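A.B. asks:
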Amino acid sequence: MSALRPIRNLVAASTRLCRSSPSLPRPSLRATKTSTATRAFSVSPRSLEDKTSLNVTLARKLNDELEYEVRTAKETGSDGTPDFLKAFRKEGVWELHDTPGNDEIFLTRKFGDESIRVMFSIADLQNPYEDEEHPDEDPNKEPPPEFRVALSITKSGDPGALNADLYCTEGTFQPAIMSFYKSAKIGQELSIESDFARRTLYAGPPFEMLDLALQENFGQFLQERGIVGQLAVFVEEYAKWKEQREYIQWLQDVAKFIEA
Numbered sequence: 000m001s002a003l004r005p006i007r008n009l010v011a012a013s014t015r016l017c018r019s020s021p022s023l024p025r026p027s028l029r030a031t032k033t034s035t036a037t038r039a040f041s042v043s044p045r046s047l048e049d050k051t052s053l054n055v056t057l058a059r060k061l062n063d064e065l066e067y068e069v070r071t072a073k074e075t076g077s078d079g080t081p082d083f084l085k086a087f088r089k090e091g092v093w094e095l096h097d098t099p100g101n102d103e104i105f106l107t108r109k110f111g112d113e114s115i116r117v118m119f120s121i122a123d124l125q126n127p128y129e130d131e132e133h134p135d136e137d138p139n140k141e142p143p144p145e146f147r148v149a150l151s152i153t154k155s156g157d158p159g160a161l162n163a164d165l166y167c168t169e170g171t172f173q174p175a176i177m178s179f180y181k182s183a184k185i186g187q188e189l190s191i192e193s194d195f196a197r198r199t200l201y202a203g204p205p206f207e208m209l210d211l212a213l214q215e216n217f218g219q220f221l222q223e224r225g226i227v228g229q230l231a232v233f234v235e236e237y238a239k240w241k242e243q244r245e246y247i248q249w250l251q252d253v254a255k256f257i258e259a
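Counted from 1, the sequence shown has number 57 at position 58 by numbering that gives the first Met the number 0; the numbering is strictly sequential.
1. Below 8 Å on the Cβ atoms is my contact criterion, and I expect A254 with N62 to pass it. Report the Cβ-Cβ distance as a whole number of Å.
2. Here's the rule: buried if 16 or more other CB atoms are within 10 angstroms of the residue's CB, otherwise exposed. What is N162?
3. Classify D164 as buried or exposed, calling it buried when 16 or more other Cβ atoms lie within 10 Å of its own Cβ.
4. Quick check on DSSP: helix, strand or coil for L28?
5. Going by DSSP, what residue range makes up the alpha helix (DSSP H) through E236?
6. Could you say which of A175, R59, E94, E103 lies nearest to K241 if we only look at CA atoms?
7. Between the segment 168 to 181 and the segment 214 to 226, can you find at least three pairs of beta-carbon atoms closer than 8 Å?
8. Where are the beta strand (DSSP E) runs, 3 residues long or more, that stay fully inside the segment 125 to 213, in chain order?
9. Taking the alpha-carbon positions, what's the F233 to T51 distance?
10. In whole angstroms, give me the CA-to-CA distance for K184 and R108.
11. Is S178 near G159, with beta carbons less than 8 Å apart?
12. Alpha carbon to alpha carbon, how far is N216 from G203?
13. With a Cβ-Cβ cutoff of 8 Å, do K154 and D194 count as a contact?
14. With DSSP as the reference, please indicate the residues paired to R108 in a beta bridge.
15. Which residues share a DSSP beta bridge with L95?
16. Taking the DSSP output, what are the residues bridged to S77?
17. Using the C-alpha atoms, what's the distance from D157 back to Y246?
18. Looking only at C-alpha atoms, which of V69, P81, M118 sits nearest to W93?
19. So L95 and L250 are supposed to be a Cβ contact under 8 Å. How far apart are they, rounded?
20. Taking the straight line between their C-alpha atoms, what separation do you get for R116 and R147?
21. Starting from R224, trace the alpha helix (DSSP H) in both directions and tell me its first and last residue.
22. Got a sec? Which residues, its chain only, sit under 8 Å from V69 by beta carbon, not counting five neighbours each side?
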C-alpha cells in the first residue's frame with residue numbers, strides 16, 4: 000500500500016487471483032397476472048400503521064444503545080480528550096489531521112528537507128486481519144487489531160516519493176513493501192487517476208524478499224524518521240478512540256433520521 004493507494008487496497012506480499020462470480024440466473028420472461036402485481040404493490044392503512052410502530056421500536060433501541068455508549072464513555076473517561084492524545088500533542092513531533100465523519104487519519108511531520116505523511120484507517124477495526132498461517136489458534140481468542148499504514152516521504156530537492164506499506168500491530172511496525180515513484184504527485188495524490196497510475200508501475204519487491212542487511216538498513220531509516228513503537232501504540236489507541244466516537248455519532252444520526 001503506497002501512501003497514495005486507498006488504504007483498504009494495500010499491496011499484499013503475494014498476489015491473489017480474483018475469482019469470477021457465477022452468472023446470475025436469467026429473470027423469467029413469463030408475464031404475471033395484473034391482479035397479482037396489484038396485490039404485491041398495494042399498501043394498506045394497516046401496513047402504514049405497522050411501519051410507524053416499527054420505526055418507534057427501532058428508534059427506541061437506537062437511543063438505548065446510544066445511552067449505553069455515552070454512559071460507558073463517561074465512566075471510562077473517553078468522552079473527552081484522552082491522556083494519550085494530550086501527551087501526543089504536547090510532544091509536537093507529529094501534526095494530526097482528522098476530519099469528523101471520515102474513517103482515514105493523517106499524521107504529518109518535517110524531517111530536515113523531507114515531508115513525511117502517515118495514513119491509517121479505523122476501518123481496519125471493523126475488518127480484522129485473518130491470520131491464515133495459524134489456523135490452529137484458539138478461535139475464541141480475539142486477535143489483536145492489525146492496521147495497514149501508508150507512509151510517504153518526499154524531499155524538497157527531489158521530484159519523487161518513497162512510499163512504504165506497513166502493518167501496525169501490538170505496538171510495532173512491520174514493512175510489507177517499499178515503493179518509489181519518480182513523480183511525487185503520483186506517489187501521494189489521493190485520486191482515482193493517481194491510484195490507477197500507481198497500479199501500472201513497478202512497486203518493488205516484498206520487503207521480506209530483500210537482503211537481511213538491507214531490511215535492517217531500511218528499518219533504521221524508518222526509525223530515524225519516527226516510525227517507531229511509540230507511534231505504533233498511538234495509531235492503535237487513536238483508532239479505537241475515534242471509532243467509538245464515530246459510532247456514537249452514527250447512532251445519533253440514524254436515530255434522528257428514523258424519528259423524523
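Every residue, glycine too, gets a C-beta built ideally from N, C-alpha and C. Keep in mind it's a predicted model, so treat the numbers as computed, not measured.
C.D. replies: According to the structure data:
1. If you number the sequence shown from 1, residue 254 lands on position 255. If you number the sequence shown from 1, residue 62 lands on position 63. Going by Cβ atoms, the distance from A254 to N62 rounds to 5 Å, so yes, they are a contact pair.
2. Start at 1 with the first residue of the sequence shown, and residue 162 comes out as number 163. By the neighbour-count rule (16 or more Cβ atoms within 10 Å), N162 is buried.
3. Working through the sequence shown from its first residue, we reach residue 164 at position 165. Looking at its Cβ environment, which holds 16 or more other Cβ atoms inside 10 Å, D164 is buried.
4. As a first step, residue 28 must be located in the sequence shown, where it is residue number 29. Here the model assigns L28 a pLDDT of 34, short of 50, so the residue's position is not dependable and the matter cannot be decided.
5. Mapped onto the sequence shown, residue 236 falls at position 237. It spans 228 to 258 - the alpha helix (DSSP H) in which E236 sits, taken as one unbroken run.
6. By one-based count along the sequence shown, residue 241 stands at place 242. With distances taken between Cα atoms, K241 lies closest to E103.
7. yes
8. 146 to 154, 157 to 168, 171 to 180
9. Looking up residue 233 in the sequence shown gives position 234. Looking up residue 51 in the sequence shown gives position 52. For F233 and T51, the distance between alpha carbons rounds to 45 Å.
10. Here residue 184 refers to the residue found at position 185 of the sequence shown. Here residue 108 refers to the residue found at position 109 of the sequence shown. Rounded to the nearest angstrom, the two C-alpha atoms are 18 Å apart.
11. Taking the first residue of the sequence shown as position 1, residue 178 is located at position 179. Taking the first residue of the sequence shown as position 1, residue 159 is located at position 160. Not in contact: S178 and G159 (Cβ atoms no closer than 8 Å).
12. In the sequence shown, the residue the question calls residue 216 occupies position 217. In the sequence shown, the residue the question calls residue 203 occupies position 204. For N216 and G203, the distance between alpha carbons rounds to 16 Å.
13. As a working note, residue 154 is residue 155 in the sequence shown. As a working note, residue 194 is residue 195 in the sequence shown. No, the Cβ-Cβ distance between K154 and D194 is not below 8 Å.
14. Numbered from its first residue, the sequence shown carries residue 108 at position 109. R108 is bridged to I115.
15. Counting from 1 along the sequence shown, the entry for residue 95 is found at position 96. DSSP, once it has assigned bridges, lists L106 as partnering L95.
16. If you number the sequence shown from 1, residue 77 lands on position 78. DSSP lists no partner for S77.
17. Walking along the sequence shown from the start, residue 246 turns up at place 247. Walking along the sequence shown from the start, residue 157 turns up at place 158. Using only the alpha carbons, I get a separation of about 42 Å.
18. What you label residue 93 is simply residue 94 of the sequence shown in a count that begins at 1. It is M118 whose Cα lies nearest to the Cα of W93.
19. For this step, residue 95 is matched to residue 96 along the sequence shown. For this step, residue 250 is matched to residue 251 along the sequence shown. Going by Cβ atoms, the distance from L95 to L250 rounds to 25 Å, so no, they are not a contact pair.
20. As a working mapping, residue 116 is identified with position 117 in the sequence shown. As a working mapping, residue 147 is identified with position 148 in the sequence shown. The alpha-carbon atoms of R116 and R147 are separated by roughly 14 Å.
21. Here residue 224 is taken as the residue at index 225 of the sequence shown, counted from 1. From DSSP, R224 is part of no alpha helix (DSSP H); its letter is neither H nor E.
22. For this step, residue 69 is matched to residue 70 along the sequence shown. The residues are D78, I247.
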